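Working notes for the structure below.
There are 2 protein chains.
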Amino acid sequence: MPASPGDRPGDRPGAPGADPRRLWLTPDRPRRGRRPAFSREAITAAAVALADAEGLDAVTMRAVAARVGAGVMSLYSYAPDKETLLELMVDHVSGELLPPAPLCGDWRADLKAVARHQRALMLRHPWLPAALTARRTLGPHTLAFLEHALAALRPLPLDGAAKLEVFSLLTGFVTSHVGHELARAATVDSVDRAAAEADYLATVAADGHHPELARALAAPGRPLTPEATFTRFLDRLVDGLDTRPGPEAARPGG
Amino acid sequence: MPASPGDRPGDRPGAPGADPRRLWLTPDRPRRGRRPAFSREAITAAAVALADAEGLDAVTMRAVAARVGAGVMSLYSYAPDKETLLELMVDHVSGELLPPAPLCGDWRADLKAVARHQRALMLRHPWLPAALTARRTLGPHTLAFLEHALAALRPLPLDGAAKLEVFSLLTGFVTSHVGHELARAATVDSVDRAAAEADYLATVAADGHHPELARALAAPGRPLTPEATFTRFLDRLVDGLDTRPGPEAARPGG
DNA sequence: CCACATTCTCGTACGTCGTACGAGAATAGC
DNA sequence: GCTATTCTCGTACGACGTACGAGAATGTGG
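Chains P and U are the protein sequences, given in the same order.
Oh and the first sequence: position 220 is 218 in the numbering used here, straight run, nothing missing.
Oh and the second sequence: position 249 is 247 in the numbering used here, straight run, nothing missing.
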């Protein structure tokens, strides 16, 4: 095995997503053999368009192939498997976050802006929360945005690991929140579903064993826009972030 | 169609999870016809055991059926589809959160205890974060625990909707965090994978375009136990929670 | 005791998925 | 041109969720 220098997009063998560099560090060297008829970029874009239009479940290898005008198995020359294609999709749309707006220097404001951009991206690509919870992507665009977020946290007296944690916390929150936000919006489409659920909750609340739930549901309920709700959550989270360096390291097993 | 009074566990027809009450409010009335050979409980327990042992992907209708000693299609007498079975699984393990420990009255401490119990449950059932991000379950056990969490928030001057939001925020955080925690632990199993990723990140950080990332990775890096990291996150989140009632309601469309 | 309606069991079968395999077409260097 | 290399993609396989419907078991009314 002559240790080929540099990897092709395809490279049929190899574990699913075993080595990130195999996926992201590919200077597409090969200048021999048949000329590729498609491109990783085009295939990824087709997959994204499909997911935008018909949801993540509609992204099948067959459907993507049909959309780019390729045979199904040709896709495997550009991505070793579907999981990799999904990672490519995530990084592809993350490119829409770049270049990021300049920082203002107020780390709280900058962090909130980061979260708002993430949310906007997810609303534009409603499959994104689901795609993000199932994997962790470290592509060029995702990393560039991470770089930006870390720059926003520069004024904070935290060490590097803690800043990464804060970013992870924020991203997790946005993903989770927007995921639920979209789920709710989708349910509203079928009114009976939402009504049935409300009915059911009312039934449960009325059984006497859930007084707090009953109280919560009986709230005056001034309805907020999703934007306002998100902002309120975000404020709660960011304004209150404990920014002290953190306690002394705990001993493993302690 | 004679409007049958009360629904059987089975009830073959009916949309997937259209009506929560169809699923959760079933006093298993039917005392006619052949006696059921299995039970929803036993099937759910088998599915949970399978997921605990071999992961969520191993939970196929065929595998669950084999485990309980039933024919595959018999499962459909107890749950209308696989999605429902997954909801039953989530509620089943949520029963381990009950009865909850008594509240101490300090809402921050009580809320942290809620989160810690959630995390412990997820560590016991590593498939749970993935199962939770894909659906929202409103079974008896989940709702009982929600009731407990709302009781913990009793001292807060928030309205009902806001308290539900806080719970959702907390649950979303725990789910996301433990999901990543487990993913990292799984990667450590295969050391090359983790090493390759670290290598890749180092490569990226060394390219000069990611100074903040380089700084973050070069941190002294006193390693924390997962417990300590979780606690630090949780403290950051809960200690800082903005508990003011919130701004005036925004007008829809504003 | 006997239909008969009801309810459960589950073998078979269908359509869909991801993808392994490998034959053929295109290209570059000799 | 010959050959090694690379890409294309038809076919095929095993797994999945689940629709269908025949058969077995049970209660009730005659």
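We put the beta carbon where it would ideally sit given N, CA and C, even for glycine.
Given the structure is predicted, the values throughout are model-derived calculations rather than measurements.
Interface residues of chain P facing residue i [CB-CB closer than 8 Å]
{"i": "Phe171 of chain U", "result": "Leu167, Gly170, Phe171, Ser174"}
{"i": "His178 of chain U", "result": "Arg134, Ser166, Gly170"}
{"i": "Gly158 of chain U", "result": "Arg213, Ala214, Leu215, Ala216, Ala217, Gly219"}
{"i": "Pro97 of chain U", "result": "Correct list: empty, because the minimum Cβ distance to chain P is about 12 Å."}
Residue i versus residue j - alpha carbon distance
{"i": "Glu81 of chain P", "j": "Ala68 of chain P", "result": "19 Å"}
{"i": "Leu54 of chain U", "j": "Trp125 of chain U", "result": "6 Å"}
{"i": "Leu156 of chain U", "j": "Thr135 of chain P", "result": "37 Å"}
{"i": "Glu225 of chain U", "j": "Arg32 of chain P", "result": "53 Å"}
{"i": "Arg38 of chain U", "j": "Ala113 of chain U", "result": "29 Å"}
{"i": "Leu232 of chain P", "j": "Val66 of chain U", "result": "46 Å"}
{"i": "Ala181 of chain P", "j": "Lys110 of chain U", "result": "27 Å"}
{"i": "Leu162 of chain P", "j": "Glu85 of chain P", "result": "20 Å"}
{"i": "Ala147 of chain U", "j": "Ala200 of chain P", "result": "18 Å"}
{"i": "Arg249 of chain U", "j": "Arg234 of chain P", "result": "Model confidence at Arg249 of chain U stands at a pLDDT of 42, short of 50, so the residue's coordinates are unreliable; what they give is reported in the following sentence. Between Arg249 of chain U and Arg234 of chain P, the C-alpha separation is close to 20 Å."}
{"i": "Val91 of chain P", "j": "Pro34 of chain U", "result": "51 Å"}
{"i": "Gly4 of chain P", "j": "Pro127 of chain P", "result": "Residue placement at Gly4 of chain P is flagged as unreliable, the pLDDT there being 31, under the threshold of 50; a coordinate-derived value is accordingly withheld."}
{"i": "Cys102 of chain P", "j": "Leu151 of chain P", "result": "11 Å"}
{"i": "Pro153 of chain P", "j": "Trp105 of chain P", "result": "7 Å"}
{"i": "Arg122 of chain U", "j": "Asp108 of chain P", "result": "37 Å"}
{"i": "His178 of chain P", "j": "His115 of chain P", "result": "17 Å"}
{"i": "Gly40 of chain U", "j": "Ala77 of chain P", "result": "Before going on, a small fix: residue 40 of chain U reads as Ala here, not Gly. Each residue's alpha carbon lies about 42 Å from the other."}
{"i": "Pro18 of chain U", "j": "Phe228 of chain P", "result": "27 Å"}
{"i": "Ala264 of chain P", "j": "Glu210 of chain U", "result": "For chain P, the structure presents residues -1 to 252; residue 264 of chain P sits outside this window and is missing."}
{"i": "Leu239 of chain U", "j": "Leu95 of chain U", "result": "24 Å"}
{"i": "Val62 of chain U", "j": "Ser174 of chain U", "result": "27 Å"}
{"i": "Gly170 of chain U", "j": "Ser72 of chain P", "result": "39 Å"}
{"i": "Leu222 of chain P", "j": "Gly93 of chain U", "result": "33 Å"}
{"i": "Ala216 of chain P", "j": "Pro97 of chain P", "result": "45 Å"}
{"i": "Ala149 of chain P", "j": "Ser75 of chain U", "result": "56 Å"}
{"i": "Phe36 of chain P", "j": "Asp50 of chain P", "result": "21 Å"}
Of the listed residues the options, nearest to residue i (C-alpha basis)
{"i": "Arg20 of chain U", "options": "P:Arg191, P:Leu211, P:Ala226", "result": "P:Arg191"}
{"i": "Val57 of chain U", "options": "U:Met87, U:Ser75, U:Pro34", "result": "U:Met87"}
{"i": "Ala214 of chain U", "options": "P:Val236, P:His178, P:Thr169, P:Val164", "result": "P:Val164"}
{"i": "Asp79 of chain U", "options": "U:Glu195, U:Gly206, U:Val172, U:Thr42", "result": "U:Thr42"}
{"i": "Pro100 of chain U", "options": "U:Ala77, U:Leu83, U:Phe143, U:Phe36", "result": "U:Phe143"}
{"i": "Gly158 of chain P", "options": "U:Ala64, U:Ala203, U:Ala194, U:Leu167", "result": "U:Ala203"}
{"i": "Gly206 of chain U", "options": "P:Ala44, P:Ala194, P:Leu141", "result": "P:Leu141"}
{"i": "Glu145 of chain P", "options": "P:Glu195, P:Ser166, P:Met71", "result": "P:Ser166"}
{"i": "Arg117 of chain P", "options": "P:Ala149, P:Asp237, P:Ala194, P:Val176", "result": "P:Val176"}
{"i": "Tyr198 of chain P", "options": "U:Asp237, U:Pro138, U:Asp197", "result": "U:Pro138"}
{"i": "Leu23 of chain U", "options": "P:Val236, P:Glu195, P:Arg230", "result": "P:Glu195"}
{"i": "Arg133 of chain P", "options": "P:Leu119, P:Val46, P:Asp89", "result": "P:Asp89"}
{"i": "Leu119 of chain P", "options": "P:Val172, P:Arg29, P:Leu83", "result": "P:Val172"}
Within chain P, partners of residue i - CB distance below 7 Å
{"i": "Lys161 of chain U", "result": "Ala214"}
{"i": "Phe231 of chain U", "result": "Glu163, Leu167"}
{"i": "Arg114 of chain U", "result": "Ordered by position in chain P, no residue passes the 7 Å Cβ test against Arg114 of chain U, which lies about 15 Å from the chain."}
{"i": "His208 of chain U", "result": "Leu141, Glu145"}
{"i": "Val202 of chain U", "result": "Leu141"}
{"i": "Leu239 of chain U", "result": "Arg234, Gly238"}
{"i": "Asp79 of chain U", "result": "Going along chain P, no residue has its Cβ under 7 Å from Asp79 of chain U, so there is no contact; the nearest lies around 15 Å."}
{"i": "Leu148 of chain U", "result": "Glu210, Leu211, Ala214"}
Start-to-end residues for the alpha helix (DSSP H) that takes in residue i
{"i": "Ala203 of chain P", "result": "189 to 203"}
{"i": "Trp105 of chain U", "result": "105 to 122"}
{"i": "Asp233 of chain U", "result": "224 to 237"}
{"i": "His139 of chain P", "result": "138 to 150"}
{"i": "Thr135 of chain P", "result": "Where Thr135 of chain P is concerned, there is no enclosing alpha helix (DSSP H), given that its DSSP letter is neither H nor E."}
{"i": "Glu94 of chain U", "result": "No alpha helix (DSSP H) contains Glu94 of chain U, which DSSP labels as neither H nor E."}
{"i": "Leu215 of chain P", "result": "209 to 215"}
{"i": "Pro18 of chain U", "result": "18 to 22"}
Under 9 Å by beta carbon: chain U residues contacting residue i
{"i": "Ala181 of chain P", "result": "Arg133, Arg134"}
Interface residues of chain P facing residue i [CB-CB closer than 9 Å]
{"i": "Gly103 of chain U", "result": "The contacting residues do not exist; Gly103 of chain U stays about 15 Å from chain P at best."}
Partner residues on chain U for residue i, Cβ-Cβ distance less than 8 Å
{"i": "Arg19 of chain P", "result": "Ala194, Asp197, Tyr198, Thr201"}
{"i": "Thr227 of chain P", "result": "Glu163"}
Exercise. What are the start and end residues of each continuous alpha helix (DSSP H) run of 4 or more residues lying completely inside the segment 25 to 81 of chain U, in chain order?
Worked result: 38 to 52, 59 to 66
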